[in-house]
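*Asks:* Encoded as structure tokens, here's the structure I'll be asking about.
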Amino acid sequence: MTFAASVGEFEGTEWAMTVSMTLSEKLAVLAGAAKYDVSCSSSGSSRKNTGGTGNAGPAGICHSWTEDGRCVSLLKVLLSNECVYDCAYCVNRSSNDVPRSHFTPEEMAELTMQFYKRNYIEGLFLSSAVHRTPDYTMEMMLRTITLLRREHRFSGYIHAKVIPGASLELASRLGALADRVSVNIELPSEESLRFLAPQKSKHSVLAPMSHLSESIREAAASGKGSSRSLLFAPAGQSTQLIVGATGESDFRILRLSEGLYRRYSLKRVYYSAYVPVSDDRRLPALAAPPLLREHRLYQADWLLRFYGFHPEELLDEANPQLDAAVDPKVAWALRNLHLFPLEVNTAPYEMLLRVPGIGVTSAKRILTARKVRRLEEEHLRRLGVVLKRGRFFLLCNGRALAQPVGDPVRLRNLLCDRTKERAALRNEMRRRQLLLFSPAEMPV
Amino acid sequence: MRVYVYDGSFEGLLTVFHGLFRDKAEPLAIHRRGVAAQGFLAETVEVEADPAKADALYEAMERRMTPRAVRLLYLAHLSEERDGEMRLFAFVRRGGQLGERLLDDLGDPGVAAVMRMANRVERERERFLGLVRFREAGTFFYAPIESTCRLLPLLGDHFARRFPSMKWMIHDVGRKEALVYDEEEWYLTPCDLPGVTDFGPREAHYQHLWRTYFDVAAVENRKSPERQRNRMPKKTWKWLVEIPRGKREPGV
């Protein structure tokens with residue numbers, strides 16, 4: 423099918439079904455269908471303004487925060503939610519009875535521009551259900567993004583989702599126009615994918631991921647030393663997987679993430695607590711999404727990317743789940759008490775990073791400040807170092823910051839993240855009560 | 119010891135500092151005109167901004183300290199924090215002793231305070247890069263804001279780079295000041311308008327679409343108003359198009 427013919431067809435047959443929806447109704451349907459994708463980052467790009475509208479900087483900007491406390495940076499929508507796939511965990515699966523719609527590429531581009539000019543958004547995050555075929559869907563997405571870049575001369579941020587199973591050539595064309603591309607892994611193992619998303623395969627996910635990572639690397643290398651670098655997804659590539667819909671352990675998930683960071687140089691792996699959107703019998707009956715688990719995975723992910731940890735230091739086959747009560751760094755420190763306490767004035771950067779409560783910013787500040795004077799506790803506080811947990815692991819000029827606690831069990835109790843634990847529990851109780859009274863649960 | 123009063127500008131403040139260094143004087147307090155709970159019995163000196171003196175001190179500071187230290191001083195000044203001027207003065211004095219190493223001395227109270235103030239300004243600026251909401255008003259785009267720190271001087275470059283071919287204006291309603299861009303360059307000007315309110319149907323259409331998007335984008339099972347207010351405090355809601363009118367103070 424030629425591109426022009428496919429556009430004609432897009433506007434022909436199925437078009438009639440949804441034409442009666444107003445733009446606002448379409449937006450409600452297609453944004454509602456996209457919101458379970460967690461990525462919203464608009465950082466890492468370097469697209470400059472060339473006389474049109476917009477630019478994208480390295481830092482990324484949040485433009486609002488919705489009632490769930492998540493940041494809104496990009497206009498996150500599906501081009502279409504008319505899906506031929508039937509993935510059990512997905513709200514858009516073909517067997518689900520929900521309103522269906524799609525934007526035309528022109529509508530999508532115009533809406534993005536109008537939102538952008540009002541500074542509502544940093545750019546567009548465009549994804550889509552598999553409308554007819556993966557290739558057909560990608561053609562429509564490409565048409566939208568081409569309109570934005572060429573007709574509207576838009577230089578703002580675009581994150582485009584690659585549809586698994588689409589041709590690699592289309593993926594490349596997408597990468598040449600977008601700032602970031604992503605292919606969702608969806609589930610942490612091949613078996614789970616086969617079980618819950620039989621129309622997707624490990625290959626349909628990893629082939630484009632590997633292809634894109636090559637192109638990104640080449641473009642980045644070509645840019646070194648020359649001012650006219652080739653832009654190919656300058657903000658790199660990311661992925662997302664759902665946690666809690668299948669039985670994989672945290673250990674297995676973290677090893678997968680580490681592999682993805684290493685092999686494909688991904689910028690981010692996003693973890694999404696499974697939100698029950700289906701009563702499919704293959705899925706677990708959860709009263710609430712496992713948010714605390716998702717939070718601990720993100721903490722561990724940070725330890726992998728910025729703190730020099732390996733998954734094997736955090737977990738092993740005998741203890742494959744992250745501790746719910748303490749953050750993963752505290753858990754590591756409790757197993758390695760023989761390495762502490764550390765002298766603030768002499769400890770190397772890599773070790774400071776491993777102290778509970780000390781992050782990259784604090785560690786760097788300590789390095790700077792101790793060039794000028796020997797640091798005492800008051801100085802640490804002035805630097806903004808949080809000592810709530812760190813005090814059990816640090817010495818200042820040989821002096822301990824807290825009464826030493828030799829017993830790991832007592833120390834663990836002192837370092838427990840009680841508020842988080844309690845909040846998570848409270849949340850779950852509330853959901854359960856809601857569920858009890860929801861009409862769907864009432865016996866007929 | 120005396121109380122020094124200046125016009126609130128950075129230039130004015132540097133003029134005060136210049137005089138203090140020349141006279142080797144110790145101030146009791148320094149504050150902006152109009153802000154003051156002035157020292158009851160203290161002698162008050164009104165200082166007029168003097169560009170020549172301010173420039174001289176500015177250059178001397180850049181030489182003696184570092185350009186970054188001077189930049190931080192400027193940012194910290196925009197925090198308009200009560201009694202902040204004394205901390206800025208302590209910072210510059212410590213700079214005289216430490217020179218280029220000034221910013222390394224994070225344990226010093228003056229340095230720590232200025233870093234903290236500058237940080238506050240940077241953070242609020244970053245927040246407002248996202249929270250500015252333009253409304254299409256005929257030939258130009260208009261955005262009212264109200265912020266704790268004085269942000270307008272820090273917003274011009276960002277929006278001029280982003281919207282080079284639009285006419286736009288950001289209005290600091292509280293400070294009665296506006297940042298205006300005329301498709302060539304941006305400038306600051308006093309602005310005592312009550313706030314533009316006359317927008318066309320096209321503007322109403324897109325505001326409605328944005329509200330629709332904003333409401334739909336929240337995942338019901340994950341609702342957490344505390345987290346929302348943490349990231350986006352209520353004081354920033356007043357001019358936000360997406361917050362229902364009932365939840366914010368009257369705005370546009």
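Taken in order, these protein sequences are the chains called A and B.
Its first residue numbered 423, the first sequence is counted upward by one per residue in the numbering used here.
Its first residue numbered 119, the second sequence is counted upward by one per residue in the numbering used here.
Note that the Cβ used here is the ideal one computed from N, Cα and C, for glycine as well.
Quick check: the Cα distance between A/Leu805 and B/Asp226, rounded to an integer number of angstroms?
*Replies:* By one-based count along the first sequence, residue 805 of chain A stands at place 383. By one-based count along the second sequence, residue 226 of chain B stands at place 108. The alpha-carbon atoms of A/Leu805 and B/Asp226 are separated by roughly 9 Å.
*Asks:* Check whether the stretch 250-264 of chain B touches the stretch 284-300 of chain B, taking contact to mean three or more Cβ pairs, one atom from each stretch, closer than 8 Å.
*Replies:* The stretch 250-264 of chain B and the stretch 284-300 of chain B touch, with no fewer than 3 CB-CB distances between them shorter than 8 Å.
*Asks:* At a CB-CB cut-off below 8 Å, which residues of chain C make contact with A/Cys493?
*Replies:* Going by chain labels, chain C is absent from the structure shown, which instead holds the protein chains A and B.
*Asks:* Can you tell me the Cβ-Cβ gap for A/Ser577 and A/Met563, rounded? I've got them flagged as a contact below 8 Å.
*Replies:* In the first sequence, counting from the first residue as 1, residue 577 of chain A sits at position 155. In the first sequence, counting from the first residue as 1, residue 563 of chain A sits at position 141. Not really, about 19 Å apart at Cβ, beyond 8 Å.
*Asks:* I'd like the span of the alpha helix (DSSP H) that includes B/Ile263, first residue to last.
*Replies:* For the purposes of this step, residue 263 of chain B is identified with residue 145 of the second sequence, where counting begins at 1. Premise fails: B/Ile263 lies in the beta strand (DSSP E), Phe258 to Ile263, not in any alpha helix (DSSP H).
*Asks:* On a CA-only basis, which of B/Asp125, B/Leu273, B/Trp355 and B/Val123 is nearest B/Trp304? Give me that one, please.
*Replies:* Within the second sequence, numbered from 1, the residue matching residue 304 of chain B stands at position 186. The candidate whose alpha carbon is nearest that of B/Trp304 is B/Leu273.
*Asks:* Which residues in the same chain as B/Ala296 place their Cβ atom closer than 6 Å to its Cβ, once the five residues preceding and following it in sequence are excluded?
*Replies:* Translated into the one-based positions of the second sequence, residue 296 of chain B becomes position 178. Met287, His289, Thr307 and Cys309.
*Asks:* In three-state DSSP terms, what is A/Ser679?
*Replies:* Reading the first sequence from its first residue, position 257 is the one you call residue 679 of chain A. Of the three classes helix, strand and coil, the one that applies to A/Ser679 here is helix, per DSSP.
*Asks:* Going along chain A, which residues have a C-beta under 8 Å from B/Asp222?
*Replies:* Looking up residue 222 of chain B in the second sequence gives position 104. Near B/Asp222 (Cβ distances below 8 Å), the residues of chain A are Thr790, Ala791, Lys793 and Val794.
*Asks:* Would you kindly work out how many angstroms separate the C-alpha atoms of A/Leu823 and A/Asp749, rounded to a whole number?
*Replies:* Residue mapping note: residue 823 of chain A aligns to position 401 of the first sequence, counting from 1. Residue mapping note: residue 749 of chain A aligns to position 327 of the first sequence, counting from 1. Each residue's Cα considered, the two are about 21 Å apart.
*Asks:* With a 10 Å radius around its C-beta and 16 neighbouring C-beta atoms as the bar for buried, classify A/Phe673 as buried or exposed.
*Replies:* Position 251 of the first sequence holds residue 673 of chain A. Burial call: buried.
*Asks:* Is the separation between the beta-carbon of A/Leu682 and that of A/Leu688 shorter than 7 Å?
*Replies:* Numbered from 1 along the first sequence, position 260 holds the residue referred to as residue 682 of chain A. Numbered from 1 along the first sequence, position 266 holds the residue referred to as residue 688 of chain A. Going by C-beta atoms, A/Leu682 is nearer than 7 Å to A/Leu688.
*Asks:* Given a threshold of 16 other Cβ atoms within 10 Å of its Cβ, counted over all protein chains shown, does A/Arg540 qualify as buried or as exposed?
*Replies:* Position 118 of the first sequence holds residue 540 of chain A. So A/Arg540 ends up on the buried side.
*Asks:* Could you give the DSSP three-state label for A/Trp437: helix, strand or coil?
*Replies:* Position 15 of the first sequence, counted from the start, is the residue given in the question as residue 437 of chain A. Its pLDDT being 41, under 50, A/Trp437 is placed unreliably in this model, and the value from its coordinates should be taken loosely. Three-state DSSP puts A/Trp437 in a helix.
*Asks:* Check whether chain A comes within 7 Å of B/Val334, counting only Cβ atoms and requiring the distance to be less than that.
*Replies:* The count along the second sequence starts at 1 and reaches residue 334 of chain B at position 216. Closer than 7 Å: yes.
*Asks:* Can you give the Cα-Cα distance for B/Arg241 and A/Arg572, rounded to whole angstroms?
*Replies:* Translated into positions along the second sequence, residue 241 of chain B becomes position 123. Translated into positions along the first sequence, residue 572 of chain A becomes position 150. Their backbone Cα atoms lie some 34 Å apart in a straight line.
*Asks:* Work out the CA separation of A/Tyr458 and B/Arg340 for me, nearest whole Å.
*Replies:* Translated into positions along the second sequence, residue 340 of chain B becomes position 222. Translated into positions along the first sequence, residue 458 of chain A becomes position 36. Approximately 11 Å between the Cα atoms of the pair.
*Asks:* Given a cut-off of 7 Å on the beta-carbon distance, is the pair B/Gly202 and B/Arg212 in contact?
*Replies:* Looking up residue 202 of chain B in the second sequence gives position 84. Looking up residue 212 of chain B in the second sequence gives position 94. Cβ atoms of B/Gly202 and B/Arg212: not closer than 7 Å.
*Asks:* Touch check for the stretch 161-177 of chain B and the stretch 130-144 of chain B: three-plus C-beta pairs under 8 Å?
*Replies:* yes
*Asks:* Could you say which of A/Thr790, A/Arg684 and A/Leu653 lies nearest to A/Ser468 if we only look at CA atoms?
*Replies:* The count along the first sequence starts at 1 and reaches residue 468 of chain A at position 46. It is A/Leu653 whose Cα lies nearest to the Cα of A/Ser468.
*Asks:* Relative to the C-alpha of B/Arg219, which residue among B/Gly248, B/Glu180, B/Leu206 and B/Glu198 is closest?
*Replies:* Locating residue 219 of chain B in the second sequence gives position 101, counting from the first residue. The residue with the shortest Cα to Cα distance from B/Arg219 is B/Glu180.
*Asks:* How many Å lie between A/Ile780 and A/Ala510 at the Cα?
*Replies:* For this step, residue 780 of chain A is matched to residue 358 along the first sequence. For this step, residue 510 of chain A is matched to residue 88 along the first sequence. A/Ile780 and A/Ala510: Cα-Cα distance of roughly 41 Å.
*Asks:* Going by DSSP, what residues sit across from A/Ala582 in a beta bridge?
*Replies:* The count along the first sequence starts at 1 and reaches residue 582 of chain A at position 160. Its beta-bridge partners are A/Leu548 and A/Val603.
*Asks:* Where does B/Met287 fall in DSSP's three states?
*Replies:* On the second sequence, position 169 is the one that residue 287 of chain B refers to. Strand, per DSSP.
*Asks:* For A/Arg718, which residues in chain B fall below 9 Å Cβ to Cβ?
*Replies:* Here residue 718 of chain A is taken as the residue at index 296 of the first sequence, counted from 1. The premise fails here: A/Arg718 is roughly 16 Å from chain B at the closest Cβ pair, so nothing lies under 9 Å.
*Asks:* Using the rule of at least 16 other Cβ atoms within 10 Å of the residue's Cβ for burial, across every protein chain shown, is A/Lys448 buried or exposed?
*Replies:* For this step, residue 448 of chain A is matched to residue 26 along the first sequence. Around the Cβ of A/Lys448, a 10 Å sphere holds 16 or more other Cβ atoms; the residue is buried.
*Asks:* Could you check how far apart the C-beta atoms of A/Arg575 and A/Pro527 are, in whole angstroms? I think they sit under 8 Å.
*Replies:* What you label residue 575 of chain A is simply residue 153 of the first sequence in a count that begins at 1. What you label residue 527 of chain A is simply residue 105 of the first sequence in a count that begins at 1. Not confirmed; about 16 Å, so no contact.
*Asks:* Counting only C-beta atoms, is A/Trp487 closer than 7 Å to chain B at any point?
*Replies:* Here residue 487 of chain A refers to the residue found at position 65 of the first sequence. For A/Trp487, the closest Cβ of chain B is nearer than 7 Å.
*Asks:* Looking only at C-alpha atoms, which of A/Gly812, A/Val808, A/Ala746 and A/Asp745 sits nearest to A/Arg776?
*Replies:* Locating residue 776 of chain A in the first sequence gives position 354, where the first residue counts as 1. It is A/Gly812 whose Cα lies nearest to the Cα of A/Arg776.
*Asks:* What ranges does the alpha helix (DSSP H) occupy inside the stretch 773-811 of chain A, keeping only unbroken runs of at least 4 residues that lie completely in it?
*Replies:* Along the length of the stretch 773-811 of chain A, whole alpha helix (DSSP H) runs at least 4 residues long occupy 782-791 and 799-805, reported in chain order.
*Asks:* Using the Cα positions of B/Tyr124 and B/Arg189, report the straight-line distance between them to the nearest angstrom.
*Replies:* Residue numbering aside, residue 124 of chain B sits at position 6 when the second sequence is read from its first letter. Residue numbering aside, residue 189 of chain B sits at position 71 when the second sequence is read from its first letter. Roughly 20 Å between the two C-alpha positions.
*Asks:* Comparing alpha-carbon positions, which option in A/Ile543, A/Asn514 and A/Met773 lies nearest A/Cys484?
*Replies:* Within the first sequence, the letter at position 62 stands for residue 484 of chain A. Of the listed residues, the one whose Cα sits closest to A/Cys484 is A/Ile543.
*Asks:* For B/Arg366, which residues in chain A fall below 8 Å Cβ to Cβ?
*Replies:* In the second sequence, residue 366 of chain B corresponds to position 248, counting from 1. Neighbours of B/Arg366 on chain A: none; closest Cβ ~13 Å, over 8 Å.
*Asks:* Name the chain A residues whose beta carbon is nearer than 9 Å to that of B/Glu295?
*Replies:* On the second sequence, residue 295 of chain B is found 177 positions in, with the first residue counted as 1. In chain order: nothing, as chain A lies at least about 19 Å away.
*Asks:* How would you list, in chain order, the residues of chain B whose beta-carbon sits under 7 Å from the beta-carbon of A/Asn471?
*Replies:* Sequence index remark: in the first sequence, residue 471 of chain A carries index 49 (1-based). In chain order: Arg279, Arg280 and Pro282.
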